[in-house]
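Asker: When we follow our numbering, the leftmost residue of the sequence shown carries the number 308, and every step to the right adds one.
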Amino acid sequence: MTSLTVFDLVALHEFVADLPGGWLRRLAVYGRPVHYLAGYRLFREVSVADRFWLMHAGVVGVDFHVPGRGDVEVERIGAGSMAGASALLPPYRWGLGAVVVEEVRAVEFYAVGVRALAAEDPDLGRELYQRVLAVAGERLQAARHRLVELYAYPHDRDSS
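1. Pick out the complete beta strand (DSSP E) segments inside the region 393–457, 3 residues or longer, and give them in chain order.
2. Sort out for me which residues DSSP pairs Val-367 with in a bridge.
3. Are the beta-carbon atoms belonging to Gly-391 and Leu-349 less than 9 Å from one another?
4. I need the straight-line Cα distance from Met-308 to Trp-330, nearest angstrom please.
5. What is the residue span of the beta strand (DSSP E) that Gly-391 lies within?
6. If you count every other CB in all the chains shown that lies within 10 Å of the CB of Gly-404, and 16 or more means buried, which is it?
7. Looking at the ligand FAD, does it come within less than 8 Å of Val-379, judged from the CB to the closest heavy atom?
8. My parser needs the alpha helix (DSSP H) runs of 4 or more residues fully inside the region 323–359; what are they?
9. By Cβ distance below 6 Å, which residues in the same chain neighbour Gly-347 in space, the five residues on each side in sequence not counted?
10. When you compare only the Cα positions, how much space is there between Trp-401 and Gly-328?
11. Which of the three DSSP states, helix, strand or coil, is assigned to Leu-316?
12. From the DSSP secondary-structure annotation, give me the bridge partner or partners of Leu-361.
13. Shortest alpha-carbon distance to Val-341 belongs to which of Arg-358, Asp-325, Asp-430 and Glu-456?
14. Kindly indicate which residue of Phe-371, Pro-397, Val-367 and Val-379 has the alpha-carbon position closest to the one of Gly-385.
15. Could you please give me the residues that DSSP links to Gly-377 through a beta bridge?
16. Determine the direct distance from the alpha carbon of Val-419 to that of Asp-430, and round the result to whole angstroms.
17. Our contact map puts Trp-360 next to Val-414 with C-beta atoms below 8 Å; I'd like the distance itself, whole angstroms only.
Here it is as structure tokens:
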């Protein structure tokens, strides 16, 4: 069985699969395949955001810390998704946290290198950042919907 290269893994991921091969090769330089088991924390909110992931398998729970309640999950991200958009958007700090819920296989990217690549090639940078902003927008909508679910219909309200 032949193992896939980082370029192959990047080229197969729907987040970037339709980009030109030259761009994919340049992106792949900053990636590496990773495998994380359930329970592994990818990042914690407010720490420096220095990596992002193109997920091929598994599930990551996105959470934030609530004093007195611990880490509260607000969303789950699965295969075919990008995790860690904050690593590409100033101020490069995690707004939320993330922990592996189901074993993850992904390509992990060194964000500083990808940001430099985007700065040196404005066309690649524009395309990449449009995609990242679309993901960030989707995540904000998902968080909004989750908050509505949590607070619009309190569980302790009388249903009569």
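Beta carbons: idealized from backbone N, C-alpha and C, even for Gly.
Answerer: A quick look at the data gives this:
1. For the region 393–457, the continuous beta strand (DSSP E) assignments of 3+ residues that do not extend past its boundaries occur at 404–417, in sequence order.
2. Under DSSP, Val-367 takes part in a beta bridge, and its partners are Ile-384 and Val-407.
3. Contact: yes.
4. The predicted position of Met-308 is uncertain, since its pLDDT is 41 and thus under 50; a value taken from the coordinates is nonetheless stated next. Between Met-308 and Trp-330, the C-alpha separation is close to 27 Å.
5. From DSSP, Gly-391 is part of no beta strand (DSSP E); its letter is neither H nor E.
6. Classification of Gly-404: buried, given that the 10 Å Cβ count is 16 or more.
7. This structure lacks the ligand FAD; in fact it carries no ligand of any kind.
8. Runs found: 328–335.
9. Looking at the sequence itself, residue 347 is Tyr, so the reference to Gly does not match. Leaving aside the five residues that flank Tyr-347 on each side, the residues in its chain whose CB is nearer than 6 Å to its CB run, in chain order, Val-407.
10. If I take the Cα positions, the gap works out to 30 Å.
11. In this structure, Leu-316 counts as helix in the three-state DSSP scheme.
12. Residue pairing by DSSP puts Leu-361 in a beta bridge opposite Met-389 and Val-414.
13. Per the Cα distances, Arg-358.
14. With respect to the C-alpha of Gly-385, the residue from Phe-371, Pro-397, Val-367 and Val-379 having the closest C-alpha is Val-367.
15. Val-373, per the DSSP bridge assignment.
16. Rounded to whole angstroms, the separation of the alpha carbons of Val-419 and Asp-430 is 18 Å.
17. That belief holds up - the Cβ atoms of Trp-360 and Val-414 are roughly 7 Å apart, short of 8 Å.
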